[in-house]
Amino acid sequence: MGRKLLLEHINVPGIETFDVYRSKGGYDTVAKALKMTTDEVVEEVKKSGLRGRGGAGFPTGMKWSFLAKPEGRARYLVCNADESEPGTFKDRYLMTYIPHLLIEGMIISSYALGAKVSYIYVRGEMMPQIRILEKAIAEAKAKGFLGKNILGSGYDLELYVQPGGGAYICGEETALLESLEGKRGNPRIKPPFPAIAGLWGCPTVVNNVESIAAVVPIIRDGGDEYSKIGIGRSTGTKLISASGNINKPGIYEIELGVSVEDFIYSDEYCGGIANGKRLKAVVAGGSSVPILPANLITKTIKNEARLMSYESLSDGGFATGTMMGSGGFIVFDEDQCIVRNTWNFTRFYHHESCGQCSPCREGTGWMEKVLHRLEYGHGKLSDMDLLVDVSKKIEGNTICPLGDAAAWPVASAIRHFRDEFEWHVTNGAEAVTRNFGLAHYADPLPVLEPAAQ
Ligand SMILES: Cc1cc2nc3c(=O)[nH]c(=O)nc-3n(C[C@H](O)[C@H](O)[C@H](O)COP(=O)(O)O)c2cc1C
Ligand code: SF4
2 MGRKLLLEHI NVPGIETFDV YRSKGGYDTV AKALKMTTDE VVEEVKKSGL
52 RGRGGAGFPT GMKWSFLAKP EGRARYLVCN ADESEPGTFK DRYLMTYIPH
102 LLIEGMIISS YALGAKVSYI YVRGEMMPQI RILEKAIAEA KAKGFLGKNI
152 LGSGYDLELY VQPGGGAYIC GEETALLESL EGKRGNPRIK PPFPAIAGLW
202 GCPTVVNNVE SIAAVVPIIR DGGDEYSKIG IGRSTGTKLI SASGNINKPG
252 IYEIELGVSV EDFIYSDEYC GGIANGKRLK AVVAGGSSVP ILPANLITKT
302 IKNEARLMSY ESLSDGGFAT GTMMGSGGFI VFDEDQCIVR NTWNFTRFYH
352 HESCGQCSPC REGTGWMEKV LHRLEYGHGK LSDMDLLVDV SKKIEGNTIC
402 PLGDAAAWPV ASAIRHFRDE FEWHVTNGAE AVTRNFGLAH YADPLPVLEP
452 AAQ
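Structural data, given as C-alpha cells:
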C-alpha cells in the first residue's frame with residue numbers, strides 16, 4: 002500500500018469537523034510554522050520538490066521565492082479551487098471531505114508568503130463545497146487559528162471564500178484574478194506575472210488546492226522527508242481522479258512512480274477494465290493532455306514501463322508521450338469512439354474560449370465543425386490534415402494556454418488514431434453507430450497485452 006499524506010484520515014467519521022480533525026493532529030503544523038521564520042517555511046517547500054498540482058507542474062517553492070516583496074504593499078495567496086477540467090474532480094473531493102486540511106495549508110502558506118488576506122476561489126457551481134469551507138473557516142477562526150494574532154504569534158490572517166464565475170477559463174490564474182476583482186474572467190497578457198502584479202496589482206501567488214494541502218505534510222515531516230517519496234523530480238504523492246471504463250472509478254492518492262499498468266489493473270487502484278473489455282486509450286492528465294493508445298500508455302517507445310510521474314508520462318514528447326496535467330485519468334475501452342470523444346472535447350473548448358484571441362476563438366469553432374462532420378459521416382479524407390493544420394495555428398499563438406489545451410487533444414487523436422478517423426469518412430453515416438474497436442493496432446508499434454487483466 003502506498004503512503005497517504007493527504008487522505009490518511011479521510012475515512013475517520015467526522016473528519017470534516019474541527020474537533021475530529023484536531024484530534025488527529027490537525028493544525029499542529031500551524032503552531033510549528035509560526036515558530037519558524039517565513040524564509041524557513043519557504044525553504045522546506047523548496048526542499049520538498051513539490052510541483053504544482055493544478056496542471057503545469059511548476060515547482061511550488063520556486064514560485065513562492067519569485068514573489069515580489071515591495072515595502073508597504075499587500076501580498077496575496079489565492080487558492081485555485083475552480084476545478085473545471087473534464088476528468089478532474091480531486092479538489093472537490095478534498096474540500097468536501099477534509100476541508101480543514103486545505104485551511105491548515107492556507108494558513109501556513111499565507112504566513113510563509115506574508116499574506117494577511119487570502120482567498121479560496123471555488124468553482125461557482127460547487128455551492129455545497131463553498132458552504133463546507135465557510136463553516137470550516139468559521140470553526141478555525143473560533144479556535145484562534147484565523148483572525149488576529151493567531152496562537153499569540155502576532156500574525157493576522159483573514160481567509161475568504163469567493164464563488165467563481167462559472168466558466169472553465171476562470172481557472173486560468175490571471176482570468177481568476179480578473180474574476181476575483183469583480184470583472185469578466187478574461188486572461189491577462191503575461192508578463193507581468195502574478196508574482197509581480199497579481200490581485201489588484203499586488204504581488205500574488207496562485208496555487209491549486211492540492212498543492213496547498215500538500216504543504217501540511219511537508220511542514221509536519223520536513224521537506225527532505227517529503228522529497229524521499231516518489232521518483233526523481235516527481236516527489237511526494239498525487240491525487241488521481243480515475244474515470245471511464247474501469248472497475249473502480251474514484252480518487253486515488255498514489256506515490257508518484259507507481260507504474261501505469263499497476264494503476265490501471267491492480268485492485269489497490271482502478272481494478273482493471275470494466276466488463277472484461279480491453280484497454281483502447283487513456284487521457285492521463287485531464288482533457289487538455291494528448292491521448293495515448295494502450296500500447297503507449299503502459300510502455301514508453303523504448304519499451305520501458307511507463308510510470309505515473311511527470312517525467313515518465315511525458316517521455317517521448319508529444320510524438321509518443323503525454324503529460325501528468327491535473328491527474329484526470331480517463332480510461333477508454335475498446336468500444337469507445339475516438340472521433341466522437343475528440344469532437345466532444347473540442348465542443349467543450351470552443352464553448353469555453355473567452356474569445357480574446359482569434360486563433361482560439363475561431364480555431365476551436367472550425368475544429369468543432371470539422372469533427373462534427375467527420376463524426377456524422379460527412380467528412381473528407383483531407384479533413385485530418387485540415388484539423389492538424391488548424392491545431393498548429395492555434396498552438397503557441399494565444400494569450401493563455403487554453404488554445405494549446407484545445408489543440409493537443411485533436412492533434413494527438415489524429416496522430417495515434419488516424420485510421421479510425423479515415424474509417425469514419427469511408428463508412429459514412431454508418432460509422433456513428435458502428436464500432437471501429439481496436440483496429441488501429443495495425444499500427445507498427447507492438448500490441449502490448451496488459452499483464453494482469
Ligand atoms: C484554461 C485553464 C484552466 C485552468 N484551470 C485550473 C483549475 O481549475 N485549477 C487549477 O488549480 N489550475 C488551473 N489552471 C492552471 C492555473 O493557471 C495555474 O497554473 C495553477 O492554478 C497554479 O497552481 P499550482 O502551481 O499549484 O499548480 C488552468 C489553466 C488554464 C489555462
Ligand atoms: S487562448 Fe482562448 S481562452 Fe485563452 S485568452 Fe485566448 S481566446 Fe481566451
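Under this note's numbering, think of the first position of the sequence shown as 2, with each following residue one higher.
Think of the CB as a built atom: it goes at the ideal place given N, C-alpha and C, for glycine as much as any other residue.
Owing to the predicted nature of the structure, the values given are computational and were not obtained by experimental measurement.
- Straight-line measurement puts the Cα of Gly233 at about 9 Å from the Cα of Gly258.
- Scanning its chain for C-beta atoms nearer than 7 Å, with the 5 sequence neighbours on each side dropped, one finds around Arg374 the residues Gly380, in chain order.
- Nearest in C-alpha terms to Glu72, of all of Ala285, Ala34, Pro204 and Thr38, is Pro204.
- Taken through DSSP and simplified to helix, strand or coil, Gln163 comes out as strand.
- Residues of the same chain with a CB within less than 6 Å of the CB of Ile298, apart from the 5 flanking positions on each side, are Val261 and Val283 in chain order.
- At least one heavy atom of ligand 2 is found less than 7 Å from the C-beta of Thr399.
- Only exposed fits Ala306, as fewer than 16 other CB atoms lie within 10 angstroms of its CB.
- Asn428 sits exposed, since fewer than 16 C-beta atoms from the chains shown fall within 10 Å of its C-beta.
- If you look at Cys361, you'll find it in the alpha helix (DSSP H) that goes Ser359 to Glu376.
- Straight-line measurement puts the Cα of Val217 at about 15 Å from the Cα of Thr39.
- The C-beta distance from Val118 to Glu159 rounds to 5 Å, short enough to fall under 8 Å.
- Per DSSP, reduced to three states, the secondary structure at Thr323 is coil, with no helix or strand assignment.
- Taking 7 Å as the cut-off, the C-beta of Glu126 does not count as close to any heavy atom of ligand 1.
- Fully contained in the segment 4–43 is no beta strand (DSSP E) run of length 3 or more.
- DSSP, reduced to helix, strand and coil, places Val290 outside both helices and strands of the structure shown, so it counts as coil.
- For Gly56, the shortest C-beta to heavy atom distance toward ligand 1 is below 7 Å.
- Looking from the CA of His101, the closest CA among Leu134, Leu114, Ile230 and Gly223 belongs to Leu134.
- Within the segment 41–67, the complete alpha helix (DSSP H) segments at least 4 residues long are 61–66, listed from N- to C-terminus.
- Glu376 sits close to Val340, with the two beta carbons spaced by under 8 Å.
- Ranked by Cα distance from Arg54, the first of Thr236, Tyr77 and Gly27 is Thr236.
- Assignment of beta-bridge partners to Ser235 by DSSP yields Ile232.
- For Glu84, the shortest C-beta to heavy atom distance toward ligand 1 is below 7 Å.
- Thr301 and Ser85 have their C-alpha atoms spaced approximately 29 Å apart.
- Look at Pro360: its beta carbon is at least 7 Å from all of the heavy atoms in ligand 1.
- When DSSP states are grouped into helix, strand and coil, Thr301 belongs to the coil group.
- About 6 Å separates the Cβ atoms of Pro291 and Phe319, confirming a contact at the 8 Å cut-off.
- It is roughly 10 Å from the alpha-carbon of Gly62 to the alpha-carbon of Gly224.
- Note that the C-beta distance between Leu403 and Cys361 is below 8 Å.
- Its chain contains Gly62, Trp65, Ser66 and Ala113 as the residues whose beta carbon lies nearer than 7 Å to that of Val43, once the 5 sequence neighbours on both sides are disregarded; these appear in chain order.
- By the criterion of a C-beta distance shorter than 8 Å, Pro129 is surrounded in its chain by Thr97, once the five residues flanking it on both sides are discounted.
- Three or more Cβ pairs closer than 8 Å define a contact, and the segment 322–333 meets that threshold against the segment 240–255.
- In terms of Cα proximity to Ser24, the closest of Ala32, Ala34 and Val13 is Val13.
- For Leu403, the Cβ falls inside the 7 Å cut-off from some heavy atom of ligand 1.
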